[in-house]
Amino acid sequence: MDARDFKEILAEKLLKRGMPRHCGVCKSFVRCSNDNLENTCVWLKKGRKILSSFKLVFVLSIILTVFCGHVFAQSVSAVIGPDGGEIVSSDGKVRLTIPEGALSQEKTIEVLQVSNESLSDAAPAGASLLSVVECRPNGLAFNKPVLLTYLLAQAEIPGTSVELGLYDSGNDEILPTGQVSTVSADGYTVVFSLEHFSTYAALKNLTPQGAPIGGGVKIPLPDMFTGAFGHSVPISVSPGRKGVQPALALSYRSGNSNSWVGQGFSLNPGFIVRSTRLGPPSYDDTKDAFYFITDAGTTELVRLVDNLYQAKIESSFTKFYKEADDSWRAVGKDGSVLYFGQLPDAKETGTAGTFAWYLTKVVDTNGNYVLYSYTKDRAKAYLSLIEYTGNEMGVSPTNTVEFVLESRQDIFSSYISTSKIVTAKRLKEIITKVNNGPVWKYVLEYAYGSDTGRSLLTGITQYSSDDKNLPAQRFTYQKPNDQ
C-alpha cells in the first residue's frame, strides 16, 4: 500500500475518531507509517513509542508522529448547549464541567490531553508540570466560569498549592495565570475555573521544604517545648480570581480547648480580640492590648499612635487601624486590605463593649474580594458563609463555602469577656459551591469523651458533586487508664 493510501486512511480515521490532523498546540501536520502492532493509537516522540490504552477498530495499524514532537492521547468531543453538561478525557484524567447558562448556543466541545514531557521545556522556572490539556474550540468564551478538574497521575500531599498555567504557542512557554487551587484530600484532584478555552497546564511550585502549603494553610509541627501534637486537614475550595480565595483547614493541636469543631480542633479564618492575659479587659482602648489570631498563630498588636497598631514582633509589615465605627482594617505590604467586624453578627459583644471582631472581607489591589458572613447564637459568632470571585467593579461572587451547624450536648460558657458567651453549636458540614452547584461536601462526625463529655471530632468524609465519597479520615483518642 503506497503512502497516498495511508494518508487517505489516516484522514478518514482522524475524522471518524475525532483525532487531530495537525498538532493543536503548534499546528504542525502529522505523518503516518505502517506497523504491525495491535495497539493502533500509538504516538511517537523522538523514536519512543507511547502506547495508549485504546484499541481502534480498523484493519491496518497506524503509528502517528507529530513533526513538532508534541505527544497526544485520543481526543474526546461532545455537543453541549445552554443547559450545560460535562465531558471527560479519554483516560478519565480531565473533566470539564460546563454549568447551565455558560453557553448561549450549542457548541462542539473537545478535550485533548497533551504529554507533559512534550511541554516540559515550556514550564516556568521553578515549576513542575503535573498535567496539560487542550480545550477546544480555542478561544471560546463563556458567560460564566466552567470547571476544569485534573486527576493527577501521581499523588501529591493534600493541600499542596497548584497553579493554572496558560500555554503561549507563539513563544512556546507556559505562563502562570495567578489562579491557585489546592490538592484535595484524595491526593490527586485539583479544580480550576475557566473563562475561555485554550491549552492549560497544572503547575506545582517547587517550594523549599517546610514552606506553607494549601494557599496559606500551615501544617502545625509538634511544639518542641511543650510536646503538643499538631495536625491539619485542608479544605479544598474552587479557585478564585487571581488567587483571591479562602484558605481553610481543620487544624488540631493537643493543647487547644473545646471549640465549634470539638476538643483540640479549630477552623478560624481570623479575628481580633481584646487581651485577657492579665484578666478581663477594661474596654478602654488606651489600656487594653489586642491580639490578631488565626489557626496559623497569634500576633500581639501594639498601639503606635491614635488608631494605628502593628504587630509587636514585626514580620509582615501589616498596619492595623481601629476604626471609629467599631471595626478594624488591616493593610498589608502588598496593598491588600482585611476588614474585621463590619457587621453586628461578626462581633462578640457585651454590656461593656466589643470583645472580638471577626474577619468579614478581604480585598486585593485589583478589587477582587472574599466575603465572610456569620450567624449569632447566644452571643457566640459562628462562620456561616464565604463568598468569593467578586470584584469591586460590580462583579458578584459565584463561588461559595457554606457551613452547616448542629446542636451539641456539651454546651459550655465563657465569662472572660465580662459577659456570658455560650457555645451551644458545632460544625456538621462544609459545602463548597460554584454557581450554586455543589463541588465538595465535608461531613464531620463526633463522639463524646467518656471522661470529659466533650465533643471529639472522630471522622471527616469528603463527598464529590455526584455524592461519591473519598475514604474517610478517622481520629481516635486515648482513653483514661481505667477504661
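Numbering (our numbering), first residue to last: 1003 to 1485.
Where a beta carbon is used, it is the ideal one built from N, C-alpha and C, also for glycine.
Nothing here was measured: the structure is a model prediction, and the numbers come from that model.
Short Cβ contact (7 Å threshold) for residue i with residue j
i	j	result
Ala-1254	Gly-1266	Note that residue 1254 is Tyr in the sequence shown, not Ala. Against a cut-off of 7 Å, the Cβ pair of Gly-1266 and Tyr-1254 comes out as a contact.
Glu-1394	Gly-1369	yes
Gln-1247	Val-1235	no
Ile-1274	Trp-1359	yes
Ala-1348	Tyr-1376	yes
Ala-1124	Asp-1085	no
Pro-1430	Val-1406	Strictly speaking, residue 1430 in this sequence is Lys, with Pro absent from that position. A contact, by the Cβ cut-off of 7 Å.
Leu-1154	Leu-1121	no
Gly-1264	Tyr-1444	no
Asp-1328	Thr-1353	no
Val-1333	Gly-1245	no
Buried or exposed (CB count within 10 angstroms, at least 16 for buried), residue i
i	result
Lys-1363	buried
Gly-1167	buried
Thr-1300	exposed
Ile-1315	exposed
Ser-1277	exposed
Ala-1005	Unreliable positioning characterises Ala-1005 in this predicted model, as indicated by a pLDDT of 39, which lies under 50. The coordinate reading is nonetheless provided below. With fewer than 16 other Cβ atoms within 10 Å, it is exposed.
Leu-1196	buried
Pro-1473	exposed
Ile-1432	buried
Lys-1289	exposed
Asn-1471	exposed
Phe-1319	exposed
Ser-1398	exposed
Asn-1401	buried
Gly-1026	Reliability of the predicted coordinates at Gly-1026 is poor, the pLDDT of 44 falling under 50, and the value obtained from them is presented with this limitation in mind. Burial call: buried.
Lys-1481	exposed
Thr-1478	exposed
Arg-1380	exposed
Val-1304	exposed
Ile-1488	This structure cannot speak to residue 1488, because the chain is shown only from 1003 to 1485.
Asp-1286	exposed
Gln-1344	buried
Gln-1115	buried
Thr-1110	exposed
Leu-1098	buried
Collapsed DSSP secondary structure at residue i in the structure displayed
i	result
Leu-1121	helix
Asp-1412	strand
Pro-1236	strand
Thr-1042	Here the model assigns Thr-1042 a pLDDT of 34, short of 50, so the residue's position is not dependable and the matter cannot be decided.
Ala-1080	strand
Asp-1347	helix
Asn-1368	coil
Ser-1183	strand
Gln-1480	coil
Leu-1114	strand
Pro-1248	coil
Ser-1386	strand
Lys-1095	coil
Phe-1199	coil
Asp-1379	strand
Glu-1108	coil
Ser-1171	coil
Ser-1392	The question names Ser, yet the displayed sequence has Gly at residue 1392. Gly-1392 falls in the strand class under three-state DSSP.
Arg-1138	strand
Lys-1422	coil
Tyr-1360	strand
Gly-1272	coil
Val-1441	strand
Val-1403	strand
Tyr-1254	strand
Arg-1243	strand
Tyr-987	Nothing can be reported for residue 987: it is not among the residues displayed for the chain, which extend from 1003 to 1485.
Ala-1354	coil
Gln-1265	coil
Thr-1151	strand
Gly-1103	coil
Lys-1470	coil
Thr-1191	strand
Rounded Cβ spacing between residue i and residue j (contact assumed at less than 8 Å)
i	j	result
Asn-1258	Ser-1268	6 Å
Ser-1163	Val-1113	Their Cβ separation, rounded to whole angstroms, is 24 Å, which puts Ser-1163 and Val-1113 out of contact at 8 Å.
Tyr-1190	Ala-1157	6 Å
Ala-1203	Val-1192	That belief does not hold up - the Cβ atoms of Ala-1203 and Val-1192 are roughly 11 Å apart, past 8 Å.
Tyr-1374	Pro-1271	6 Å
Val-1148	Ala-1104	6 Å
Leu-1458	Tyr-1450	7 Å
Glu-1350	Ile-1423	6 Å
Glu-1488	Ile-1082	Since the first residue of the chain shown is 1003 and the last is 1485, residue 1488 is not available in this structure.
Short CB-CB distance (under 7 Å) between residue i and chain D
i	result
Pro-1147	No chain D appears in this structure, which consists of one protein chain only.
Considering only residues of the segment 1274 to 1337, which uninterrupted beta strand (DSSP E) runs meet the minimum length of 3 residues and lie entirely inside it, listed in chain order? 1292 to 1296, 1299 to 1307, 1310 to 1313, 1321 to 1324 and 1330 to 1333
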